[in-house]
Structures are given as C-alpha cells and as structure tokens.
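Written out below as structure tokens is the structure these notes cover.
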Amino acid sequence: MDKKYLAKIIASDNEGLQMISACSAGAKVKVSDIKYLASNKVFILSIMRTRIETDQEDKKINSICRFDFVDKVKSKNIDQKNEDLVLELIAIDYFKNKDDFEINLIFNNNAYIALTTETIEVRLEDQNEIKD
17 MDKKYLAKII
27 ASDNEGLQMI
37 SACSAGAKVK
47 VSDIKYLASN
57 KVFILSIMRT
67 RIETDQEDKK
77 INSICRFDFV
87 DKVKSKNIDQ
97 KNEDLVLELI
107 AIDYFKNKDD
117 FEINLIFNNN
127 AYIALTTETI
137 EVRLEDQNEI
147 KD
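For the sequence shown, the tail end lands on 148 under our numbering, and the numbers increase by one without skipping.
Shown next as structure tokens:
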C-alpha cells in the first residue's frame with residue numbers, strides 16, 4: 017500500500033468542511049469509536065469510509081476525523097450504551113450561532129451529534145486501508 021494515497025485534509029472554513037463531509041459521506045462509525053476528550057476540547061470519530069477522491073473506487077479506508085476547540089457536545093437519537101451500534105454518517109454541516117459555530121454530524125435514523133466550537137478546525141486523516 018502506497019503511503020501517498022492516504023489523505024490528510026485539514027479544514028478551517030466551510031469549503032474545507034464540505035470537502036471532509038463529501039469524503040466521509042456514507043462512512044460507518046461505531047458508537048465505541050466516538051470520543052470526546054473534554055479536557056483537551058477534542059472530539060474524535062474513527063470512521064470506515066470508501067475512498068472517493070481517487071480513481072480506485074471501492075477502497076475502504078480507516079480514517080480519524082478530529083475536531084478541535086470543542087466546548088460542548090450533544091447527541092440525539094444515539095444509544096451511547098450500545099457500543100457495537102454502527103451509525104452511518106450522512107453529512108457534516110455547520111451554522112454560526114452568535115460567537116460560536118455549531119458543527120452537526122448527521123447520521124442515519126435521525127441521529128446526530130452537535131459540536132459547539134469557537135472556530136472550525138477539523139482534520140480527516142487516513143490511517144490504513146482495509147484489506148478485504
């Protein structure tokens with residue numbers, strides 16, 4: 017596996033966030049792989065996504081999606097006790113709320129996670145390809 021195909025996208029604005037959203041659409045996320053490190057203000061999702069940004073279509077890849085400067089996290093319609101539950105990430109969007117941003121991670125089954133953050137600082141970093 018050639019390292020240069022592992023993507024690393026850093027977003028600090030809407031355009032970057034849209035790109036990460038597009039790359040993550042349809043990704044599978046296990047509830048146990050969603051973590052909020054409140055003391056560091058870091059929110060991390062470990063996702064399994066299909067690589068869309070190269071011409072090798074059906075490559076599945078493990079990626080980490082990391083959000084920094086997150087002050088608050090609230091989730092809806094997600095059973096956090098069910099650690100094996102697999103959610104499908106549909107999109108990531110945001111809106112400005114007074115001085116803060118609210119970044120929404122939208123999942124299937126009407127589930128979502130809202131992150132309150134003072135600035136958009138998101139990175140999507142591929143870890144490794146998943147061998148069939």
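For every residue, glycine included, the Cβ atom is placed at its ideal position computed from N, Cα and C. Bear in mind that the values here come from a model prediction, so they are computed numbers and not experimental data.
query                                                                                                                        : result
Outcome for Ile36 when other beta-carbon atoms lying within 10 angstroms are tallied against a minimum of 16                 : buried
Backbone secondary structure at Ile94 - three-state DSSP                                                                     : coil
Beta-carbon contacts of Leu131 that lie in its chain and below 6 Å, excluding the five residues immediately before and after : Phe59, Phe83, Val86, Val89 and Ile119
Ser37 (DSSP reduced to helix, strand or coil)                                                                                : helix
Same chain, Cβ closer than 7 Å to Asp116, five either side skipped, listed in chain order                                    : Thr132, Thr133 and Glu134
Reference Gln34, options Gln143, Asn144, Tyr128 and Arg139, closest by Cα                                                    : Arg139
Closest by C-alpha distance to Tyr52, when choosing among Asp100, Met64 and Ser91                                            : Ser91
Same chain, Cβ closer than 8 Å to Asp29, neighbours up to 5 away in sequence not counted                                     : Ile136
Rounded straight-line distance, which links the Cα of Leu121 to that of Leu105                                               : 7 Å
Outcome for Ala54 when other beta-carbon atoms lying within 10 angstroms are tallied against a minimum of 16                 : exposed
Sequence-distant residues of its chain with Cβ nearer than 7 Å to Ala127 (five each side left out)                           : Lys92, Asn93, Ile94 and Leu103
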